[in-house]
Structures are given as structure tokens and as C-alpha cells.
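Chemist: If you scroll down you'll find the structure; I have some questions about it.
In this note's numbering, the protein residues as written are -3 to 81.
Next up, the structure:
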């Protein structure tokens, strides 16, 4: 994610799809990060150059999720900060 943000143009969207929850939350999936991670870690911990107000988390409504296979997965949308002039 850090590299995606680094190479994105200022103001561009950065989208992370098919994110699995952590193994502690759902041990039936690959293991990813819980939804709270994105708002807590983006700016304070990792100093990602994104607008924290732009972060949106959406449920995964793809075919696999509809069948109940990956029902806890989600997508994350955020925008890179616009360069200061």
C-alpha cells in the first residue's frame, strides 16, 4: 500500500480490494487487517500521504461474497493528498 500511495499522483484515488480480516478475527481466510487498521494506521503510524477524511471502507459484494465464501472481505478507498503549492 505504501508503494501504491507513493507512485499515485496528488489527489488520485488509491484502492485496495479484497482485504481479508486478521486471522484473529476470521481464521477461515488468508489473514489481512481489520477495518479499524486503516483509519488508525494510515497517517499516524505509517505517515501515508493520504487524506484521512477520504478513507471509505465498503463491503465486498463480489460473486464469492454472494455465495458466502468470502463474506468478511472488504475494499478500501482513499485519496492521496493534493500537493501543496
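We treat Cβ as the ideally placed atom computed from N, Cα and C, and that holds for glycine.
Going by alpha carbons, who is nearest to residue 78 out of 50, 71, 12, 72?
Modeler: 50
Chemist: For the beta strand (DSSP E) containing residue 11, list its first residue and its last residue.
Modeler: 9 to 15
Chemist: Would you kindly check if the distance between the Cβ of residue 48 and the Cβ of residue 69 is under 8 Å?
Modeler: Their beta carbons are not under 8 Å apart, which means residue 69 does not touch residue 48 by this criterion.
Chemist: In terms of DSSP beta bridges, what is residue 74 paired with?
Modeler: 10
Chemist: State the Cα-Cα distance for the pair residue 28 and residue 8, rounded to the nearest angstrom.
Modeler: 24 Å
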